[in-house]
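**Q** Dropping the structure in here first, questions after.
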Amino acid sequence: MENSATILQTPALQAFIACAENGWRQGWHERNGGNMSYRMAAEEVAACGDALDTTGDWIPLGVDAPNLGGETFIVTGTNRYFQNILPLPEENIGIAQLNAVGDAYRIVWGLTVGHKPTSEFPTHILNHSVRFAATQGRSRVIYHAHPVDVIALTFVLPISARDFSRALWQAMTECVVIFPEGVGVVPWMVCGGAEIALVTAKEMERFAAVIWAQHGIFCAGDDFDATFGMMHAIDKAARIILKVMATGQPVLQTITDDNLRAIGKAFGFQINGDFLD
Ligand code: 2HA
Ligand code: ZN
11 MENSATILQT PALQAFIACA ENGWRQGWHE RNGGNMSYRM AAEEVAACGD
61 ALDTTGDWIP LGVDAPNLGG ETFIVTGTNR YFQNILPLPE ENIGIAQLNA
111 VGDAYRIVWG LTVGHKPTSE FPTHILNHSV RFAATQGRSR VIYHAHPVDV
161 IALTFVLPIS ARDFSRALWQ AMTECVVIFP EGVGVVPWMV CGGAEIALVT
211 AKEMERFAAV IWAQHGIFCA GDDFDATFGM MHAIDKAARI ILKVMATGQP
261 VLQTITDDNL RAIGKAFGFQ INGDFLD
């Protein structure tokens, strides 16, 4: 017989909580900023045993994710604060299950305060749906945060995937290794609904990271380390770009396109050629 406390001890929940705490410590989550979801593996759902309450009503998602029908997600709550997830997990995160056709969800555990997943749940589910397809089911984590330097960069670079990808690749040698396909960028839009979800998911077909102008970033990954690491690297590269700009000095040398090609060759991966000159 499982109970709520033992659910919290399962590796999936522990990893989710640890990732959220790391994001909070990075300063990426003022107030209720940011949100995260994780698509659980069947054995992770089974480990929760009969502590999941499957009697709740189905609530429409506002978007369709037929390839995720019946999937189960750990998710942060709407209006909840990342800083409170580690001390009070059951109030601030929960487990949500999708119906068989993937257009509605019900809460089966947690979110004991507020009872609702993040306002960006439609974006999370559509992102999961396209990343599931893009990675043959390996992608499990969608993480949204508000890193200061990434947001600042959206005021001074053109809002294009090519411009952002090139600038980030040139900022730090490892960037092209971490995201050789580049990053997507969405112009300023109203957040929290189906419209921004559709635009973001379109970008996520090609990119595991998508920046929202004047707002933040979404990263997708197979596990928490890869997803957090991608966000961490992009944030750090953004900081380097801004520091270089802030010197007011002309750039005397950078990582050239041939340098980028050489990294791809040395490490044996394909760089998005559309973004190279
Ligand atoms: O969860 O970050 O985009 C609060 C937000 C909305
Ligand atoms: Zn946000």
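If you count the sequence shown from 1, you need to add 10 to reach our numbering.
Even glycine gets a Cβ: it sits at the ideal position worked out from N, Cα and C.
1. Could you spell out the range, first to last residue, of the alpha helix (DSSP H) harbouring residue 274?
2. From residue 51 to residue 177, what distance separates their C-alpha atoms?
3. Quick check on DSSP: helix, strand or coil for residue 11?
4. With distances taken between CB atoms, is the gap from residue 211 to residue 136 smaller than 8 angstroms?
5. Assign residue 191 to buried or exposed, taking buried as 16 or more other Cβ atoms, counted over all protein chains shown, within 10 Å of its Cβ.
6. Return yes when at least one heavy atom of ligand 1 lies under 7 angstroms from the C-beta of residue 229, else no.
7. Helix, strand or coil, according to DSSP, for residue 282 in the structure here?
8. Ligand 1 heavy atoms versus the CB of residue 1: any closer than 7 angstroms?
9. Quick check: the segment 75-86 against the segment 278-285, are at least 3 beta-carbon pairs closer than 8 angstroms?
10. Would you say residue 210 touches ligand 1, meaning its beta carbon is less than 7 angstroms from a heavy atom?
11. Start and end of the beta strand (DSSP E) containing residue 228?
12. Taking C-alpha atoms, which residue in 163, 215, 99 and 195 lies nearest to residue 146?
13. For ligand 2, is there any heavy atom lying closer than 7 angstroms to the beta carbon of residue 242?
14. What span of residues does the beta strand (DSSP E) with residue 83 cover, start to end?
15. Considering only the alpha carbon of each residue, which of 187, 241 and 36 lies closest to residue 272?
16. Check the C-beta distance from residue 66 over to residue 118 and give it rounded, since I have them as a contact under 8 angstroms.
17. Which complete beta strand (DSSP E) runs does the segment 32-58 hold, if anything under 3 residues is left out?
18. Roughly how many angstroms separate the alpha carbons of residue 254 and residue 208, rounded to a whole number?
19. My output table needs one value for residue 108: the three-state DSSP class, helix, strand or coil.
20. Using alpha carbons as the reference points, say which of 102, 129, 30 and 229 lies closest to residue 149.
21. Quick one, which of 251, 166 and 48 has its alpha-carbon nearest residue 128's?
22. For residue 35, count neighbouring C-beta atoms within 10 Å of its own C-beta (all shown protein chains included) and say buried if the count is 16 or more, exposed if not.
23. Once DSSP output is grouped into helix, strand and coil, what is the label at residue 114?
24. Given a cut-off of 8 angstroms on the beta-carbon distance, is the pair residue 179 and residue 270 in contact?
25. Nearest by alpha-carbon distance to residue 236: which of 68, 139 and 25 is it?
26. Here's the rule I'm using: 16 or more other beta-carbon atoms within 10 Å means buried, otherwise exposed. How should residue 245 be labelled?
27. Tell me the DSSP secondary structure of residue 138 in three-state form.
28. What separation, rounded to the nearest whole angstrom, lies between the Cα atoms of residue 295 and residue 202?
**A** Quick answer:
1. 267-277
2. 36 angstroms
3. Per-residue confidence for residue 11 stands at a pLDDT of 44, beneath the threshold of 50, marking its modelled position as unreliable; no derived number is given.
4. yes
5. buried
6. no
7. coil
8. Beyond the ends of the chain as shown, which are 11 and 287, falls residue 1; an answer cannot be given.
9. no
10. no
11. 226-231
12. 215
13. no
14. 82-86
15. 187
16. 7 angstroms
17. 45-49
18. 34 angstroms
19. strand
20. 229
21. 48
22. exposed
23. strand
24. yes
25. 25
26. buried
27. helix
28. Here the chain comprises residues numbered 11 to 287, so residue 295 is not present and cannot be evaluated.
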